[in-house]
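Undergrad:
Residue numbers (the numbering used here): 4 to 444.
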């Protein structure tokens with residue numbers, strides 16, 4: 004009885020929120036299949052493909068198939084990388100369909116106590132309140148710098164936890180408190196552009212030095228950089244995990260914070276965040292009173308690589324410091340590539356650096372398996388994808404593996420560690436590489 008009632012509620016939810024027109028846009032041509040990592044790494048299982056998942060959503064919506072755990076598993080196992088979208092000749096908005104379906108399922112299904120606590124802590128506190136994120140990473144800083152980390156590694160206590168937790172602990176960077184002041188404008192001596200900087204939640208805490216490098220690089224290129232005080236997490240993790248209402252709350256707070264001053268661009272340095280920020284107008288489409296503001300916000304959103312290319316960085320003299328030579332390669336952030344369609348700009352920047360030889364990673368356009376917190380939840384599939392990726396990385400013989408997203412960066416650091424390449428290769432954010440190793444004249 005309970006299962007039948009759940010099916011009815013989810014079917015009704017799909018009918019109200021999963022748009023039929025978008026489902027019918029799928030022509031079942033199969034162009035998405037070779038672009039889908041979970042399809043390729045599940046022995047070509049159709050239910051693990053975009054085409055198969057759309058068919059499942061439509062079958063549930065139309066009452067042709069009762070909702071069960073296997074359908075939820077299929078939708079959950081999707082990385083949400085959206086590589087299927089640029090591959091689709093019909094322009095199917097797969098990401099929107101997936102988010103709507105997950106939202107209905109998470110709202111209607113019964114959660115275990117453990118799952119309720121985990122989701123409440125993560126989505127209503129950790130990624131809702133930046134101070135909570137700062138306090139949490141403060142505990143990690145204490146763990147790293149107090150000697151507890153060295154003790155736990157020496158005693159092998161970490162082996163009591165899931166292997167992915169031990170692996171991630173090993174590659175987590177040393178955390179430092181952010182020196183960027185919210186509400187402050189960092190002025191350039193040769194201002195040509197005023198930007199608002201989206202600091203992000205992970206970037207502001209785990210990769211705070213990358214944020215500082217971003218501000219300094221933008222100032223050098225002629226930007227006044229304003230850091231809005233009341234900004235919060237972009238809402239991507241909530242939105243991708245079936246918590247669209249919480250994502251909308253974050254979006255509204257960010258829109259109000261960033262539109263308080265007139266700026267030329269709203270710049271970010273995290274591909275996943277940037278994609279979600281750029282779709283605030285879609286997220287708030289059912290809020291007519293906010294739609295114009297959401298559109299204005301989204302239209303100004305820009306990735307740091309696109310911005311610095313616009314500011315003429317490739318026309319300057321770029322060279323590796325101390326006359327060194329290096330081979331570099333690049334792993335795309337899925338959402339930066341597939342949603343914001345930023346492909347050429349990072350490559351143009353890397354290719355213009357004297358002393359750096361850029362080698363294209365053959366599978367740079369395919370997901371690394373990070374996908375937010377996917378690698379923590381679906382570890383087996385994530386590691387399968389990562390191991391395959393690292394075989395292609397080895398072929399580049401690069402000393403530096405660059406990327407533009409915090410999750411990708413951690414995943415590639417993990418891949419380098421697992422592949423035994425730590426003494427040959429370093430994973431870095433593109434901005435950190437430009438700051439640390441490149442002279443920008």
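Where is the CB? At the ideal position from N, CA and C, for every residue including glycine.
Since the model is a prediction, treat every value here as computed from it, not as a measurement.
Going by DSSP, what residues sit across from residue 360 in a beta bridge?
TA: Looking at the DSSP assignment, residue 360 forms a beta bridge with 330.
Undergrad: Determine which residues share a DSSP beta bridge with residue 429 and list them.
TA: Per DSSP, 403.
Undergrad: In whole angstroms, what is the alpha-carbon distance linking residue 68 and residue 90?
TA: Each residue's alpha carbon lies about 28 Å from the other.
Undergrad: If I follow the unbroken beta strand (DSSP E) through residue 271, where does it start and stop?
TA: Its beta strand (DSSP E) spans residues 268 to 271.
Undergrad: Excluding the five sequence neighbours on either side, which residues of its own chain have a C-beta within less than 6 Å of the C-beta of residue 93, listed in chain order?
TA: Taken in chain order, the residues that qualify are 28 and 30.
Undergrad: Where DSSP assigns a beta bridge to residue 197, which residues make up the other side?
TA: Paired residue(s): 227.
Undergrad: Rounded to whole angstroms, what's the CA-CA distance from residue 369 to residue 62? Just pull it up for me.
TA: Approximately 29 Å, taken between the alpha carbons.
Undergrad: Rounded to a whole number of angstroms, what is the C-alpha to C-alpha distance between residue 175 and residue 36?
TA: Those two C-alpha atoms are separated by around 34 Å.
Undergrad: So for residue 82, helix, strand or coil by DSSP?
TA: In the structure shown, residue 82 sits in coil (DSSP, three-state: anything other than H, G, I, E or B).
Undergrad: Distance, Cα to Cα, residue 112 vs residue 218?
TA: Going from the Cα of residue 112 to the Cα of residue 218 covers about 44 Å.
Undergrad: Measuring alpha carbon to alpha carbon, tell me which of 354, 108 and 403 ends up nearest residue 6.
TA: Ranking 354, 108 and 403 by Cα distance to residue 6 puts 108 first.
Undergrad: Just curious, the beta strand (DSSP E) that residue 306 is in, first and last residue?
TA: Where residue 306 is concerned, the enclosing beta strand (DSSP E) stretches over 304 to 306.
Undergrad: Whole angstroms are fine: how far does the CA of residue 192 sit from the CA of residue 267?
TA: If I take the Cα positions, the gap works out to 17 Å.
Undergrad: Taking Cβ to Cβ, would you say residue 262 is nearer than 8 Å to residue 271?
TA: No, the Cβ-Cβ distance between residue 262 and residue 271 is not below 8 Å.
Undergrad: Pull the bridge partners of residue 123 from the DSSP assignment, please.
TA: Its beta-bridge partners do not exist; DSSP assigns none.
Undergrad: Could you please give me the residues that DSSP links to residue 443 through a beta bridge?
TA: In the DSSP output, where bridge partners are listed per residue, residue 443 has 321.
Undergrad: For residue 378 versus residue 278, is the C-beta spacing smaller than 8 Å?
TA: No, Cβ-Cβ distance for residue 378 and residue 278 is not below 8 Å.
Undergrad: State the Cα-Cα distance for the pair residue 206 and residue 273, rounded to the nearest angstrom.
TA: Looking at the two C-alpha atoms, the distance is approximately 8 Å.
Undergrad: Identify whether residue 192 lies in helix, strand or coil by the three-state DSSP scheme.
TA: Here residue 192 sits in coil by DSSP.
Undergrad: Find the nearest neighbour of residue 131 within the set 442, 259 and 249, judged by alpha-carbon distance.
TA: The option with the nearest alpha carbon to residue 131 is 249.
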